[in-house]
Amino acid sequence: MKYAKVKTKDNKVFEGYLVNETSEFIIIKLKNGYNIGIRNDDILELNKEEIKSKYENKEYKKLENKNNKISILATGGTILSKIDYRTGGVHMLTKPEELIDLAPDLLDYVEIKNIEIPFSIASEDMLPDNWIEIGKILVRLLNDDVNGVTILHGTDTMHYTSSALSFIVKDLNKPVSITGSQRSSDRPSSDAFFNLLSSAIYDNSDIAEIAVVMHGSSSDNFSYAHRGTKVRKMHTERRDAFQSVNSLPLAKIFPYSKNIEIIDSNYRKRNNNNPYLDDKICKKVALIKVYPGSDPDIIKYYVDKNYKGIVIEGTGFGHVPTNPIDTKYSWIENIKYGIEKGTIFVMTSQTIFGRTNPFVYSNARLLYNLGVIYAEDMHPETAYVKLMYVLGHTENYDEAKKMFLTNIAGEISKKSYYELFNFNKD
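The numbers in our numbering rise by one with no breaks, and the one at position 352 of the sequence shown is 400.
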């Protein structure tokens, strides 16, 4: 690892860790986390110094920040990816020293007691078994002498994992942040360091909840901590892609001033519990979407494959086709078939925001009277994960319905507030 100090022909000085060097340019990572590329033709003076990584020096284990001690559990995603400038491809970081070198200045704020990398995968490759593996490690880390734990994760399915951990990790005693980045660590506009520092601040707060911590705006000014069961990725590439759904964020974090501002005062506080894992989940649950012309036989397909539960992304308040001109597109008979076979159905809304309600229109009443469970204001992904958790504990309809409609990890709001829809609007 090299540290570079560059003076350009226009008398500007840049210094930081050397990311890449070619015959045409060099790239260095500045202290603010951004990268800068400088053409060799513009360089007046270049000094390079070979240094050991803080990991190799074991500095990350120094007990200098006893009050700010965290552990990191890294699972992959863009935040653990780096461009190979020789090939132009992207590869995953798999070693602790690579992670420390990603954000060495993080150690100015926290002591990192442990770094665990059980696997390094893209989040679209994440499986329910991986949630269990993450949960096992997380419980062990939470029972250690640290203030909190940061989980590094790909952003695409981060909200599935945050929901799963919220249900399966019981008696949470400390903050757990889940973070990632929309842009890899060696890109000039990477959000990796900003999100890491924000997560470390959350980990040292009094909020003992699993939260997704990501940019709160497209600028580097603040982050939000979103409750794990009420958050969703809402944009493909914006740095502030994550939003709380039907809920306020837990907190607003200002990483450069190291401050945290509580937004939702109704949170679980740091405590002396001993966390444990409740890993009973049912993997035979499907999530399907209604759309004009959708074939209701998709239900029969899953029922005949012995799926125990089906979550439907319905339209509006929670509707499916019940009385189309061409009756073969009605979902009613197939839902009846599934219920007779013992499959449990849950209804959510593809609008994402708002609350399902079977009592506004008669078509939805038909579904409710058949036994379809309406998911209150849970968004579809949280409802999917929760049904997996519920059916891991019981397949009895009455017990499953009662458990599903019980607020376990802040996934159900008592009331719906119109203002929440506009909270994240610029």
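Even glycine gets a Cβ: it sits at the ideal position worked out from N, Cα and C.
Run the CB neighbour count on Ile255, radius 10 Å, all protein chains shown included, and call it buried at 16 or more, exposed below.
Here residue 255 refers to the residue found at position 207 when the sequence shown is read from its first residue. Looking at its Cβ environment, which holds 16 or more other Cβ atoms inside 10 Å, Ile255 is buried.
Considering only residues of the stretch 187 to 270, which uninterrupted alpha helix (DSSP H) runs meet the minimum length of 4 residues and lie entirely inside it, listed in chain order?
206 to 216 and 240 to 251
Any idea if Lys278 is buried or exposed, counting beta-carbon neighbours within 10 angstroms, 16 or more meaning buried?
For the purposes of this step, residue 278 is taken as residue 230 along the sequence shown, with counting starting at 1. Counting Cβ neighbours within 10 Å, Lys278 comes out buried, since at least 16 surround it.
Can you tell me where the alpha helix (DSSP H) with Tyr452 in it begins and where it stops?
Position 404 of the sequence shown, counted from the first residue, corresponds to residue 452. It is worth fixing the name first, because residue 452 is Phe in this sequence and not Tyr. Start and end: Tyr445 to Phe452.
Just mark Phe407 as buried or exposed, buried being the case when its beta carbon has 16 or more other beta carbons within 10 Å.
On the sequence shown, position 359 is the one that residue 407 refers to. Its Cβ having fewer than 16 others within 10 Å, Phe407 is exposed.
Any contact between the stretch 399 to 419 and the stretch 190 to 206? By contact I mean 3 or more CB pairs, one from each, below 8 Å.
no
Can you give, in chain order, each stretch of the alpha helix (DSSP H) that sits fully within the stretch 320 to 352 and has at least 4 residues?
Every alpha helix (DSSP H) stretch that sits fully inside the stretch 320 to 352 and reaches 4 residues is listed by chain position as 345 to 352.
Please state the DSSP three-state secondary structure of Ile118.
As a first step, residue 118 is located in the sequence shown; it is residue number 70 there, counting from the start. Residue state for Ile118 is assigned as strand, using DSSP reduced to three classes.
What do you reckon, are the CB atoms on Lys43 and Tyr157 nearer than 8 Å?
In the structure displayed, the chain extends from 49 to 474; residue 43 sits before or after that span and is not available.
For Arg134, collect the residues of the same chain with a Cβ closer than 7 Å to its Cβ; drop the 5 residues on either side in sequence, then sort them by chain order.
Walking along the sequence shown from the start, residue 134 turns up at place 86. The predicted model places Arg134 with a pLDDT of 49, which falls under 50 and marks its position as unreliable; any figure quoted below should be read in that light. Nothing meets the Cβ criterion.
Could you check the C-alpha separation between Thr203 and Lys462 for me, to the nearest Å?
Taking the first residue of the sequence shown as position 1, residue 203 is located at position 155. Taking the first residue of the sequence shown as position 1, residue 462 is located at position 414. Their Cα atoms are separated by approximately 28 Å.
From the DSSP output, in three-state form, read off Met395 for me.
Counting from one through the sequence shown, the residue named residue 395 turns up at place 347. Strand.
How far does the beta strand (DSSP E) with Ala299 in it extend, from its first residue to its last?
Here residue 299 refers to the residue found at position 251 of the sequence shown. It spans Ala299 to Phe302 - the beta strand (DSSP E) in which Ala299 sits, taken as one unbroken run.
Do you know how far the Cα of Ile148 is from the Cα of Tyr108?
Reading the sequence shown from its first residue, position 60 is the one you call residue 108. Reading the sequence shown from its first residue, position 100 is the one you call residue 148. With a pLDDT of 49 at Tyr108, under the threshold of 50, the predicted position of this residue should be treated as unreliable, and no value is reported.
Please list the segments of the beta strand (DSSP E) lying wholly inside the stretch 383 to 435, counting only runs of 3 or more residues, in order along the chain.
Counting whole runs of 3 or more residues, the stretch 383 to 435 contains the beta strand (DSSP E) stretches 392 to 397.
Would you kindly work out how many angstroms separate the C-alpha atoms of Ala423 and Lys376, rounded to a whole number?
If you number the sequence shown from 1, residue 423 lands on position 375. If you number the sequence shown from 1, residue 376 lands on position 328. Rounded to whole angstroms, Ala423 to Lys376 spans 27 Å at the Cα level.
Using the three-state DSSP reduction, which class does Glu181 fall into: helix, strand or coil?
Taking the first residue of the sequence shown as position 1, residue 181 is located at position 133. Three-state DSSP puts Glu181 in a helix.
Just to confirm before moving on: does the CB-CB distance between Lys117 and Lys77 stay below 8 Å?
For this step, residue 117 is matched to residue 69 along the sequence shown. For this step, residue 77 is matched to residue 29 along the sequence shown. In this structure, Lys77 does not lie closer than 8 Å to Lys117 by Cβ.
Between Glu72 and the rest of its own chain, which residues show a CB-CB distance below 7 Å, the 5 nearest in sequence each way excluded?
Here residue 72 is taken as the residue at index 24 of the sequence shown, counted from 1. So the list reads Arg87 and Asn88, once near-sequence residues are dropped.
At what residues does the beta strand (DSSP E) containing Asn354 begin and finish?
Here residue 354 refers to the residue found at position 306 when the sequence shown is read from its first residue. From DSSP, Asn354 is part of no beta strand (DSSP E); its letter is neither H nor E.
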